[in-house]
Amino acid sequence: MKDLELPKFHETFNPILDVLSNGEKIHTRELQELVIQKYYSHLPEELLKEKTKSGEILINNRIAWGKSYLKKGGFIHYPERGFVGITEKGLNKKGELTLDKVEDSEDFFKFYSGEYSGNSNGIQEIKKLTNASPQDLIDQGFGQIETEVKNELLFKLKSLDPYYFEKVILILLKKMGYGDFVETSKSGDGGIDGIINEDKLGLDKIFIQAKRFTENKVREKDIRNFIGAMSGDTNKGVFVTTSLFDIGAIEKAKNAHHKIILIDGNKLVDLMLEYKVGVQVKATYELKHLDEDFFIEQ
Numbered sequence: 000m001k002d003l004e005l006p007k008f009h010e011t012f013n014p015i016l017d018v019l020s021n022g023e024k025i026h027t028r029e030l031q032e033l034v035i036q037k038y039y040s041h042l043p044e045e046l047l048k049e050k051t052k053s054g055e056i057l058i059n060n061r062i063a064w065g066k067s068y069l070k071k072g073g074f075i076h077y078p079e080r081g082f083v084g085i086t087e088k089g090l091n092k093k094g095e096l097t098l099d100k101v102e103d104s105e106d107f108f109k110f111y112s113g114e115y116s117g118n119s120n121g122i123q124e125i126k127k128l129t130n131a132s133p134q135d136l137i138d139q140g141f142g143q144i145e146t147e148v149k150n151e152l153l154f155k156l157k158s159l160d161p162y163y164f165e166k167v168i169l170i171l172l173k174k175m176g177y178g179d180f181v182e183t184s185k186s187g188d189g190g191i192d193g194i195i196n197e198d199k200l201g202l203d204k205i206f207i208q209a210k211r212f213t214e215n216k217v218r219e220k221d222i223r224n225f226i227g228a229m230s231g232d233t234n235k236g237v238f239v240t241t242s243l244f245d246i247g248a249i250e251k252a253k254n255a256h257h258k259i260i261l262i263d264g265n266k267l268v269d270l271m272l273e274y275k276v277g278v279q280v281k282a283t284y285e286l287k288h289l290d291e292d293f294f295i296e297q
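Once you know that position 68 of the sequence shown is 67 in numbering that gives the first Met the number 0, the rest is easy, because the numbers rise by one and skip nothing.
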């Protein structure tokens with residue numbers, strides 16, 4: 000399975016040195032292309048197109064960090080703007096470089112000597128660098144925060160008043176670009192919690208059912224009742240819950256003559272984060288990287 004994973008940034012060290020081993024200088028973008036072509040072209044296209052949280056192609060980002068570490072360690076150099084070349088030290092280490100060897104190299108410590116001058120603890124911090132690149136650490140931290148927010152959001156939804164929960168769902172669907180919604184009466188709604196008019200005249204409708212469950216799963220009976228409540232007014236429905244759907248419910252929705260979309264708790268909080276419903280942006284960070292094109296002479 001490891002062959003079907005993107006390389007860690009330090010796993011690109013030897014591929015980079017191999018591509019540069021003929022001694023010729025190569026443009027940074029060409030280096031990335033050649034490394035991918037020779038070592039990672041067998042990976043699925045969706046992996047090669049995977050992006051960082053900031054939108055950069057992840058495989059390119061990891062090759063760039065690999066190149067950066069090799070430069071700090073003295074294994075490659077930049078002979079001119081936008082180009083990369085291998086050093087004698089890099090040629091001698093071709094095929095055997097690990098993260099530990101790069102971090103333990105004399106040139107690597109020299110690179111940080113100004114920042115950690117006279118600070119032995121700082122040098123030890125360098126040696127504690129993980130297998131993750133700085134970009135990976137940012138993405139991991141972002142992912143952890145996002146997971147915590149989703150957990151808190153789902154907990155909050157499960158504790159809401161059922162009627163207000165229904166309104167939250169209608170607000171979400173409105174944010175997702177569906178038409179104006181109409182809340183049904185709070186009693187005797189026949190299993191329908193809201194109606195969305197896809198057009199201004201209300202000729203095309205979507206019926207909504209929202210179940211705020213804490214533990215119980217939505218069962219086949221719940222889907223059957225929802226379909227029955229839709230009668231002949233529409234053939235489209237969205238059933239939303241804070242819990243999960245059991246197998247019977249999933250099969251009933253799948254085999255129904257109506258078009259029934261099921262949204263469980265996990266999918267629900269994903270959508271709420273995506274469309275910023277019930278959450279706020281706390282902080283925005285800018286990540287800057289070198290603009291190689293800026294330094295290319297015209």
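Where is the CB? At the ideal position from N, CA and C, for every residue including glycine.
Given a cut-off of 9 Å on the beta-carbon distance, is the pair residue i and residue j in contact?
i      : j      : result
ILE144 : THR51  : no
PHE82  : LEU96  : no
PHE8   : GLY94  : no
GLY236 : GLN208 : yes
VAL268 : THR240 : no
ILE222 : ILE168 : no
ILE58  : LEU98  : no
LYS251 : GLU219 : yes
Helix, strand or coil: which one does DSSP assign to residue i?
i      : result
LYS126 : Any reading at LYS126 must be qualified, since the residue scores a pLDDT of 44, below 50, and its modelled position is unreliable; no value is offered.
ASN91  : helix
ALA228 : helix
GLY117 : Confidence at GLY117 is low in this model, with a pLDDT of 44, below 50, so the placement of that residue should be treated as unreliable; the coordinate-derived value is given next. Coil at GLY117, not helix or strand.
GLU182 : strand
ILE191 : coil
PHE74  : coil
SER112 : Because the pLDDT of SER112 is 43, which lies under 50, any placement of that residue in the model is unreliable, and the question is left without a value.
PHE8   : helix
ALA209 : strand
Based on Cα-Cα distance, which residue from the options lies nearest to residue i?
i      : options                           : result
TYR284 : ASP269, TYR38, SER53 and VAL276   : SER53
ASN21  : ILE85, ASP192, SER40 and GLN36    : ILE85
ALA255 : PHE225, ASP245 and VAL276         : PHE225
LYS173 : VAL148, ILE195 and TYR162         : ILE195
PHE238 : GLY89, ALA282, ASN150 and GLY193  : GLY193
LEU19  : GLU45, LEU69 and HIS41            : LEU69
ARG28  : GLU44, LYS155 and ARG80           : ARG80
PRO78  : ILE25, SER132 and GLU147          : ILE25
SER67  : ILE35, ILE15 and MET229           : ILE15
ASN215 : SER242, GLU197, THR233 and ALA228 : SER242
- Any chance you could list the alpha helix (DSSP H) runs of at least 4 consecutive residues sitting entirely within the stretch 242 to 295, in chain order? Those alpha helix (DSSP H) runs which fall completely within the stretch 242 to 295 and span 4+ residues are 246 to 254 and 264 to 273.
- Could you pull out every unbroken alpha helix (DSSP H) segment of at least 4 residues lying fully inside the stretch 25 to 51, listed in chain order? 27 to 34 and 44 to 47
- Which runs of the beta strand (DSSP E), 3 residues or longer, sit entirely within the stretch 136 to 173? none
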